[in-house]
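Numbering (my numbering), first residue to last: 1 to 714.
Every residue gets a Cβ at the ideal spot worked out from N, C-alpha and C, and that includes glycine.
This report concerns only the one structure given below.
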Ligand code: IVH
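Here it is in structure tokens:
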């Protein structure tokens, strides 16, 4: 596999030029680390940081005189300059060296195996893109939680960390050491991150650049009650100091760790600490969260298979990952390999190709969407981000453009995460060209010329003309979409053609297209088969239940979850249309904002007329009996792994949660069922090991409908 990483960095032959470049890089990297670790507001993407960091390492490698004690390469994180009390780690929190290719990973494996008497067993873990944390348990009780800081001294955030559901205050199980430092990564789950940013966009507040910044910001709140409102989670991935038995040591005394016995010499009850995998098993038993994607193997090819699998499934986990960490399992072997000043020789991070890239912002244009919302988007110089060429990226609204201080002509960072629309993260301010221009929202809709309005307290501008051509085009193509009426063959291109050719003027006209078969056949490039497919798709859509029709109507704030709640509560369109905003808002899960939006839609005569026209053309206006977002999954815990045809990751989660279930990411004895799609991860095997029912996509659909699981053994 090749990566997007550049070839090895160039080192000048001239020592003076090398020193000059070193002098340039040091403040840049120091500032980047300070902004990243302390301010949670990075100026460089990880990939940009990595390239410059490798250049610094290469310079110091070629000219050792440059590698002074004050070089950032001698530090691990950022110097601690913080409002939180300092905490000195009993054992330093090191960083990891990186590789970017199969060859370099294999070379590291050879290097690590070389000095060992026996071939090592490898542990492969996902590299979680979060905030490193060290939890010190003394006598089984959480004494301190601290960030990494500079690797030696971190910031004490114990009260904040105790608000996480995943963090036990007291360890469970029979084997609790006198003192242990467990290390892990605190992360912001992706779905919650996306939902939070969407809310911030609506409210006109600045969005977080990525889940890691959101996690860092949430953790570093002075008031733990604020942290408690954020859905932070934790995975444990390592151990610092360990004292198995004896008097309870003072966790604030750095010398206490000196007495720490070698964990390999002392067994901790049945839980062997001779290996890292044994430590992870103990964590599980002690109630500490351990990600279950981890694989232990002696086969070097299997290590690569793990990397390869997760590189192509990097968006499957419910948290963001940026690589894979490969570790030597045996703790005695680790000890003989040792560490450098910044990183262990027994572990390596394989960095996946970045999901962020830097490119030039050529222009900002706006698009009027199906609800009339006018969204600015960036037109950028094409750039490849995780395998896809990006030319456009959203900027959400005018507030975001100004909050991020993005100007036309800037070098900007763009980010593409999973099935989310690419977005502009922010400008690289140090590279701002002269003449970069500030952008403002146009006064009028670019599609129909109607003056735009920005409602009080909102971040967005709107075109309120219901006949706006672009609104209708976007409405029509959304109407055929998977979460709405699911009409095969009705995408953006077909919608545009039908409108341009005058074959439809509104959504209801679609259902009369069977009378225009000859006109359809006369369209350029259309054949009997494509026409029949489209007409069959439209005919089938007439029978779609009320919730899907509601989603197709382009009512603000009305997505699949709200639609199911309303369909379930009112049963048919007539009952819903005659309810007032308060009655709607009284439905569990619907608030006044949604109530107003939906009632507002039905208050417009032409919308009522549109629905009458649909009814006359045979469109069903009633709910499925079980589309009620019933609580068929109440109390059930469902894990989805692999790719499903009919659901994105977010849709599957929404479908589970809207029925009262819990969509979880790890399989345990408490998991009700595991839904297995294409190319599943190790969760499928784990489910079978634990005798947890495994469902295919059809089984998942049945479960959503009825809450029923297949018979045991299925
Ligand atoms: S092991 C001696 N395992 O990545 C350092 N680190 O870029 C041992 N990280 O500092 C770290 N996922 O904060 C390890 N599965 C994983 C990880 C992981 C994320 C973080 C960790 C580390 C950083 C290095």
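For residue 588 and residue 564, the gap between their C-alpha atoms comes out near 12 Å. For residue 662, the enclosing beta strand (DSSP E) covers residues 662-664. Positions of the alpha helix (DSSP H) runs, each at least 4 residues long and wholly inside the stretch 442-482, are given as 469-479 in order along the chain.
Cα atoms of residue 540 and residue 486: separation of roughly 9 Å, rounded to the nearest angstrom. The stretch 288-352 contains, as complete beta strand (DSSP E) runs of 3+ residues, the segments 295-297, 321-328 and 347-351 (chain order). Between the ligand IVH and residue 655, a heavy atom-to-CB distance of less than 7 Å is absent. Within its own chain, the residues whose Cβ lies closer than 6 Å to the Cβ of residue 30, once the five positions on either side in sequence are excluded, are 72, listed in chain order. Per DSSP, the beta bridge partners of residue 239 are 182. Boundaries of the alpha helix (DSSP H) harbouring residue 113: 102-113, taken from the DSSP string.
Between residue 133 and residue 161, the C-beta spacing is below 8 Å. Using a cutoff of 7 Å, the CB of residue 349 counts as near the ligand IVH, since one of the ligand's heavy atoms is closer than that.
When secondary structure is reduced to three states using DSSP, residue 224 falls in the helix class.
With respect to residue 452, residue 463 sits close: the two C-beta atoms are nearer than 8 Å. Where residue 46 is concerned, the enclosing alpha helix (DSSP H) starts and stops at 46-62.
Ranking 187, 113, 70 and 459 by CA distance to the CA of residue 299 puts 113 first. It is roughly 50 Å from the alpha-carbon of residue 698 to the alpha-carbon of residue 178. Residue 381: member of the beta strand (DSSP E) spanning 373-385, first to last residue. In this chain, the alpha helix (DSSP H) harbouring residue 529 covers 528-541.
Looking at 514, 505, 504 and 498, the one whose alpha-carbon comes closest to that of residue 523 is 498.
Between the stretch 312-322 and the stretch 89-102, the count of Cβ pairs shorter than 8 Å is below three; the stretches do not touch. Inclusion of residue 653 and residue 292 in the CB contact set at 8 Å is not warranted, their separation being larger than that value. For the pair residue 89 and residue 146, the CB atoms are nearer than the 8 Å cut-off. In this structure, residue 287 places its C-beta atom within 8 Å of the C-beta atom of residue 171. Rounded to whole angstroms, the gap between the alpha carbons of residue 26 and residue 353 is 25 Å.
When rounded, the separation of the alpha-carbon atoms in residue 543 and residue 492 is 22 Å. Selection 106, 149 and 483 evaluated against residue 36 yields 149 as nearest (Cα-Cα).
In the DSSP assignment, residue 278 falls outside any beta strand (DSSP E) and within the unbroken alpha helix (DSSP H) covering 276-286. Sequence-distant partners of residue 609 (beyond 5 residues in either direction) whose C-beta falls short of 6 Å from its own C-beta are missing from its chain.
A straight line joining the alpha-carbon of residue 62 with that of residue 344 spans about 22 Å. Checking the DSSP bridge columns, you'll see residue 617 has no partner listed.
Approximately 38 Å separates the beta-carbon atoms of residue 361 and residue 326; this is outside 8 Å, ruling out the contact. The three-state secondary structure of residue 245, taken from DSSP, is coil. The residue among 358, 366 and 205 with its C-alpha nearest the C-alpha of residue 382 is 358. Put simply, of 605, 616, 668 and 611 the residue whose alpha carbon is nearest the alpha carbon of residue 636 is 668.
Around residue 67, the same chain offers 60 and 73 as residues with beta carbons nearer than 7 Å, after the five sequence neighbours per side are excluded.
Taking 8 Å as the cut-off, the beta carbon of residue 516 is found no closer than this to the beta carbon of residue 507.
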